[in-house]
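Chemist: Starting off with a structure, shown below.
In the numbering used here, the protein residues as written are 592 to 1108.
Okay, here's the thing in structure tokens:
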């Protein structure tokens, strides 16, 4: 299969990179099965995924053989696989409780690899060969490494697709809700928990004389001379007690004309029954229930988006996505942003002599802590390029000077953590690894780029290219920034001017500085 450990590592990295570039589940599954079969030179391969309930189902196969459409959870093979969550290998056809791993009578060796994340079993990748003792040594190490990495990617892809579907539903719901509110002939008002005006529809604006200046004012101040004291007391009582009050009759006094109304008062309930204000619907009782239900659905689904995004993005970006759903549509917008690339120094030489699973563990330990620092400083993780982190400040929320300050502070904290004796990564054989960071500020285009078949939120432009070039200039423990980034910083940083450097794609040398840690 592969001549040496370098071949194993190269194939592992290549396949993992190919999987990382996909965020469509069907394409990722195809790449995983096809490549694992081809590289391992197996005769058949099948990927089985768990549905919400029941046995793992066959979702993709390769080879000239008929495979079972599902793996029975009550079988000894799957029962043991679920208990141990480890790879199971059968090297020959001798009698074994795990003979079900051989999916065809002509097969003599088999391997079943769990695809999982810490909190969930996703399924299994099964490969067979007609040769004995086939899945040992380099084949085993390669398949084991890839399956561990693929489990996390498959889970992220499922979450991403679920998120896209939720966003589409919410956009449809918001359009429908706005159309309902705009077309209503009834006068709709909502209040905050303190009794102040929060929202009114177009009918309420026309008939009740409400305007932007009314927002935030107490209802008592707005309607004191237009509603009777009894009605105002009833509204206050509903705020305090959370009672539903229907069919209140009265006359609302307007300068132009008095309005004979029927008023329904309904409390707004948030998650876990928390009081969030009142809904007041004048005249039309029939639409009140439908409106209340749809508002509740929209609020709950917004919370669902926040819960799903909060694993990967800072709160500012999450809130911006909720308020601006156009950010998930194809296309991009121009921004002034600060981009940095952080690369591990000494990684190539170090990785040449290590097993793939060891390398993956080392990278994940480092990424886990570095990513948290980036997010804490308001950065956006664009992608992982092998052992390099690409991040940006200023997308989608832009504040040029503040973005540059946060980016540099983040880089300094990462370098301090790497230099700390208390760090929890780069230990043992990896203790000599260091980080080099390159950074530049300037214009770029950021957004969800692609089509309905595939979209990536990313950044493109000369600013990104130059930041990547400077990462190559930075030595171990260094943070190299351009003069453009320097001019956005205050005096709190200790900067060392370096000789201007020539970089690919630039006619003139680039002014650079090192940020002392």
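C-beta: ideal position from N, C-alpha, C; glycine also. Quantities reported herein were computed from a predicted structural model and do not represent experimental measurements.
Do you know whose CA, among 927, 1076, 1023 and 793, lies nearest residue 942's CA?
Modeler: Here the question's residue 942 lines up with position 351 in the chain shown. That would be 1023, whose Cα lies nearest to the Cα of residue 942.
Chemist: Over what stretch of residues does the alpha helix (DSSP H) that includes residue 1077 continue unbroken?
Modeler: Here residue 1077 corresponds to residue number 486 of the chain shown, with the count starting at 1. Unbroken alpha helix (DSSP H) run through residue 1077: 1074-1077.
Chemist: Output yes or no for whether 8 Å exceeds the beta carbon distance between residue 995 and residue 1076.
Modeler: For the purposes of this step, residue 995 is taken as residue 404 along the chain shown, with counting starting at 1. For the purposes of this step, residue 1076 is taken as residue 485 along the chain shown, with counting starting at 1. Closer than 8 Å, so yes.
Chemist: Count the other C-beta atoms from every protein chain shown that fall within 10 angstroms of the C-beta of residue 1090, then say buried if there are 16 or more, exposed otherwise.
Modeler: Looking up residue 1090 in the chain shown gives position 499. So residue 1090 ends up on the exposed side.
Chemist: Out of 620, 616 and 626, which one is the CA nearest neighbour of residue 605?
Modeler: Here residue 605 refers to the residue found at position 14 of the chain shown. Ranking the options by Cα distance to residue 605, first place goes to 626.
Chemist: From the DSSP output, in three-state form, read off residue 1030 for me.
Modeler: As a working note, residue 1030 is residue 439 in the chain shown. Three-state DSSP puts residue 1030 in a strand.
Chemist: According to the neighbour-count rule (16 or more other Cβ atoms, all chains shown, within 10 Å of its Cβ), is residue 806 buried or exposed?
Modeler: Indexing the chain shown from 1 puts residue 806 at position 215. With fewer than 16 Cβ atoms within 10 Å of its Cβ, residue 806 is classed as exposed.
Chemist: Within 10 angstroms of its Cβ, does residue 756 collect 16 or more other Cβ (buried), or is it exposed?
Modeler: Counting from 1 along the chain shown, the entry for residue 756 is found at position 165. Label assigned to residue 756: exposed.
Chemist: Quick one: what does DSSP say residue 725 is sitting in, helix, strand or coil?
Modeler: Here residue 725 corresponds to residue number 134 of the chain shown, with the count starting at 1. DSSP places residue 725 in coil when its eight states are reduced to three.
Chemist: Identify every residue that forms a DSSP beta bridge with residue 932.
Modeler: Reading the chain shown from its first residue, position 341 is the one you call residue 932. 981 and 1029, per the DSSP bridge assignment.
Chemist: Near residue 1096, which residues of its chain fall below 7 Å by C-beta distance, leaving aside the five closest residues on each side in sequence?
Modeler: Residue numbering aside, residue 1096 sits at position 505 when the chain shown is read from its first letter. Hits under 7 Å: 1056.
Chemist: By the DSSP assignment, the alpha helix (DSSP H) with residue 717 in it spans what residues?
Modeler: By 1-based counting over the chain shown, the position of residue 717 is 126. Per DSSP, residue 717 belongs to no alpha helix (DSSP H); it is in the beta strand (DSSP E), 711-720.
Chemist: For residue 792, is the classification buried or exposed, using 16 other Cβ atoms within 10 angstroms of its Cβ as the cut-off for buried?
Modeler: Here the question's residue 792 lines up with position 201 in the chain shown. Result: buried.
Chemist: Thinking just about the alpha-carbon of each residue, which of 830, 726 and 949 is nearest to the one in residue 678?
Modeler: What you label residue 678 is simply residue 87 of the chain shown in a count that begins at 1. Taking only the C-alpha atoms, the option nearest residue 678 is 726.
Chemist: Is DSSP giving residue 781 helix, strand or coil here?
Modeler: Your numbering for residue 781 matches position 190 in the chain shown. Here residue 781 sits in strand by DSSP.
Chemist: Is the Cβ-Cβ distance between residue 812 and residue 856 less than 8 Å?
Modeler: Position 221 of the chain shown holds residue 812. Position 265 of the chain shown holds residue 856. Not a contact, by the Cβ cut-off of 8 Å.
Chemist: Between the region 665-677 and the region 685-699, are three or more C-beta pairs nearer than 8 Å?
Modeler: Touching, yes, given that three or more Cβ pairs across the two stretches are closer than 8 Å.
Chemist: Output yes or no for whether 8 Å exceeds the beta carbon distance between residue 584 and residue 1085.
Modeler: No statement about residue 584 is possible, as the shown extent of the chain runs from 592 to 1108 and does not include it.
Chemist: How should residue 802 be labelled, buried or exposed, when 16 other C-beta atoms within 10 angstroms of its C-beta is the threshold for buried?
Modeler: Taking the first residue of the chain shown as position 1, residue 802 is located at position 211. It counts as exposed.
Chemist: How big is the Cα-Cα spacing for residue 736 and residue 750?
Modeler: Within the chain shown, residue 736 is the residue found at index 145, counting from 1. Within the chain shown, residue 750 is the residue found at index 159, counting from 1. Straight-line Cα distance between these residues: approximately 22 Å.
Chemist: Inspect the beta-carbon positions of residue 693 and residue 706 and report whether they are closer than 8 Å.
Modeler: In the chain shown, the residue the question calls residue 693 occupies position 102. In the chain shown, the residue the question calls residue 706 occupies position 115. Not a contact, by the Cβ cut-off of 8 Å.
Chemist: Would you check if there are 3 or more beta carbon pairs closer than 8 Å linking the region 730-746 to the region 619-633?
Modeler: Yes, the region 730-746 touches the region 619-633.
Chemist: Does the Cβ-Cβ distance between residue 1005 and residue 961 come in under 8 Å?
Modeler: For the purposes of this step, residue 1005 is taken as the residue at position 414 of the chain shown. For the purposes of this step, residue 961 is taken as the residue at position 370 of the chain shown. Yes, these two residues count as a Cβ contact at 8 Å.
Chemist: Taking only runs that begin and end inside the region 615-657, name each unbroken alpha helix (DSSP H) of 4 or more residues, in chain order.
Modeler: You should have 616-631.
Chemist: My output table needs one value for residue 1081: the three-state DSSP class, helix, strand or coil.
Modeler: In the chain shown, residue 1081 corresponds to position 490, counting from 1. Residue 1081 falls in the coil class under three-state DSSP.
Chemist: Cα-Cα, which of 662, 846, 796 and 831 is closest to residue 817?
Modeler: Here the question's residue 817 lines up with position 226 in the chain shown. Measuring from the Cα of residue 817, the nearest candidate turns out to be 846.
Chemist: How far does the alpha helix (DSSP H) with residue 999 in it reach, from first residue to last?
Modeler: Along the chain shown, read from residue 1 onward, the residue named residue 999 stands at position 408. Unbroken alpha helix (DSSP H) run through residue 999: 991-1010.
Chemist: What does DSSP give as the partner residue(s) for residue 1053 in the beta ladder?
Modeler: Locating residue 1053 in the chain shown gives position 462, where the first residue counts as 1. According to DSSP, which records beta bridges pairwise, residue 1053 is partnered with nothing at all.
Chemist: What's the C-alpha gap between residue 854 and residue 834?
Modeler: Residue numbering aside, residue 854 sits at position 263 when the chain shown is read from its first letter. Residue numbering aside, residue 834 sits at position 243 when the chain shown is read from its first letter. Using only the alpha carbons, I get a separation of about 14 Å.
Chemist: What number of angstroms, rounded off, separates the C-alpha of residue 1074 from the C-alpha of residue 647?
Modeler: What you label residue 1074 is simply residue 483 of the chain shown in a count that begins at 1. What you label residue 647 is simply residue 56 of the chain shown in a count that begins at 1. Looking at the two C-alpha atoms, the distance is approximately 56 Å.
Chemist: Give every residue of the same chain whose Cβ lies closer than 6 Å to the Cβ of residue 979, excluding the five residues on either side of it in the sequence, and list them in chain order.
Modeler: Working through the chain shown from its first residue, we reach residue 979 at position 388. 932 and 934, listed in sequence order.
Chemist: Going by alpha carbons, who is nearest to residue 1033 out of 1078, 780 and 967?
Modeler: Numbered from its first residue, the chain shown carries residue 1033 at position 442. It is 1078.
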